[in-house]
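Note that the working numbering has the sequence shown beginning at 94, numbered continuously upward.
Below is one structure; the comments refer to it alone.
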Amino acid sequence: MPQRTKVAIVGASGDTGSSVVQGLLSQPDQFDLVAFARVESLEKDEYARLRERGASVLPIDLKGPITAVVELLKDFDVVISCMTLLSYEDERNLILAASIAKVGRYVPSFFGPCCPPRGVMGAREKKEDLLDLIKLHYLPYTIIDVGWWYQLSLPELPSGRLTVQAEISNTEIIGDGNTSMALIDNRDIGKFVARIIVDPRTKNKHVFCYGEVMCQNEIFDILENLSGERISRHQLPAETLTKQIGEALAELAKNPTDPQNMLVVGMGQYRQLLGVRGDNTPQKARYLNYLDGKEMYPDVRITPLKEYIEDALAGKATVPRSRR
């Protein structure tokens, strides 16, 4: 029997981490999975379910001595981070420890839409800073980006059958609504990760994974057809979006930690790259030297947007971070 790949994940209880874990645990003959969590999180229901499915759950302190983290990471083939930027310093420490422990491959917490590394989005620039740290220490890596989630692409329905958290979802038509963007079902991310992390072609490379490519007008049309409900299409002109971002940046210059303005800038820049600039497409990803995950793994079963919406309407697919 081939030797199983030993994988560690930090951030397994979040939306992205849960998908990654599902992809790995669906192949128990290929992966030995260890989920590292803060001591105060070890008893969460999410980790109890991981234990039931055969994963190990161990404590980690990324704010403590780095030597202790190094000992935990020794002998791992792959370390995957699914932490958010709120844990930026923790991820820096994880990278340093992985480098000292000579981990075989490190997957930092990118898992977002495709765009140029600098000048488009502040959050992306922070992630690129992490990649710079990885390269500084010659730590083998793979960057995985996944387009924009179906789960964050739908407006609410008048009937209330589908509710979303509007601040982090594209509920308005950005620009004219005809800009193409790569989309993915969050539940499919782990399928790609399970293939990518054991593929020698992806070491020290960027990989772009996605399900479908379409514009917002097409997305709204599909939702209307499947739900039988008429959706109010509120426009968000490009000029208005630029103004909103500029005003929030000015406020952040006075108070850099203001959460509301941080959200306005972050989501505004996401919407700008998705619906105005059109960065998030397979064509742009190829220009930026990404490998195309959909072409590399044609046997990975992708969930069509139509199927996801049918599942959501039937209550079979929850919307991450929704009010339900």
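Ideal placement from N, C-alpha and C gives every residue a C-beta, glycine not left out.
Note that the segment 339 to 350 does not touch the segment 295 to 308; fewer than 3 beta-carbon pairs, one per stretch, sit closer than 8 Å. The C-beta of ALA287 has 16 or more other C-beta atoms within 10 Å across all chains shown, which makes the residue buried. Residue GLU311 holds the alpha-carbon nearest to the alpha-carbon of GLY368 among PRO95, GLN353, ILE402, GLU311. About 7 Å separates the beta carbon of ILE173 from that of VAL100, a gap short enough to meet the 8 Å contact definition.
An exposed status is given to THR160, since fewer than 16 other beta-carbon atoms sit within 10 Å of its beta-carbon. When THR272, ASP222, ASP154 are compared, the shortest CA-CA separation from ALA331 is found for THR272. Rounded to whole angstroms, the gap between the alpha carbons of LYS347 and VAL357 is 15 Å.
Rounded to the nearest whole angstrom, the CA to CA distance from THR264 to MET274 is 15 Å.
Close CB contacts of PRO233 within its chain, under the 8 Å cut and outside five residues either way in sequence, are with VAL196, GLY197, ARG198, TYR199, LYS296, ASN297 (chain order). Of all alpha-carbon atoms in THR335, PHE204, LEU276, GLN244, the one lying nearest the alpha-carbon of GLY361 is that of THR335. With contacts defined by Cβ atoms closer than 8 Å, LEU329 and ILE267 form a contacting pair. Collapsing the DSSP output to three states places LYS99 in a strand. TYR243 counts as buried, since at least 16 other C-beta atoms from the protein chains shown sit within 10 angstroms of its C-beta. When the five nearest sequence neighbours on each side are left out, the beta carbons in the same chain lying within less than 8 Å of the beta carbon of LYS219 are those of LEU178, TYR181, in order along the chain.
Cβ atoms of ASP108 and ASN279 come within 8 Å of each other, at about 6 Å. Within 10 angstroms of the beta-carbon of THR256 lie fewer than 16 other beta-carbons, which makes it exposed.
Around the CB of ARG254, fewer than 16 other CB atoms lie within 10 Å, so the residue is classed as exposed. Counting every other CB atom within 10 Å of its CB across the protein chains shown gives ALA191 a total of 16 or more, marking it as buried. Inside the segment 167 to 238, DSSP marks whole alpha helix (DSSP H) runs of 4 or more residues at positions 181 to 193, 215 to 229, from first to last along the chain. In terms of Cβ geometry, GLY371 and GLN309 do not form a close pair [threshold 8 Å]. Under the DSSP definition of a beta bridge, GLN376 lacks any partner. With respect to the C-alpha of LEU384, the residue from LEU316, LYS409, VAL239 having the closest C-alpha is VAL239. Under the three-state reduction of DSSP, PRO152 is assigned to strand.
VAL162 places its beta carbon less than 8 Å from that of LEU155. An exposed status is given to GLY212, since fewer than 16 other beta-carbon atoms sit within 10 Å of its beta-carbon. Residues TYR401, ASP404 of the same chain have their beta carbon placed closer than 7 Å to that of ALA410, with the five preceding and five following residues left out of the count. When the Cα atoms are used, TYR140 and ARG97 turn out to be separated by approximately 22 Å. Per DSSP, reduced to three states, the secondary structure at ILE324 is coil, with no helix or strand assignment. Of the residues ALA194, VAL291, ASP281, GLY408, the one whose Cα lies closest to the Cα of SER111 is ASP281.
Residue pairing of GLU305 in beta bridges, as defined by DSSP: LEU276.
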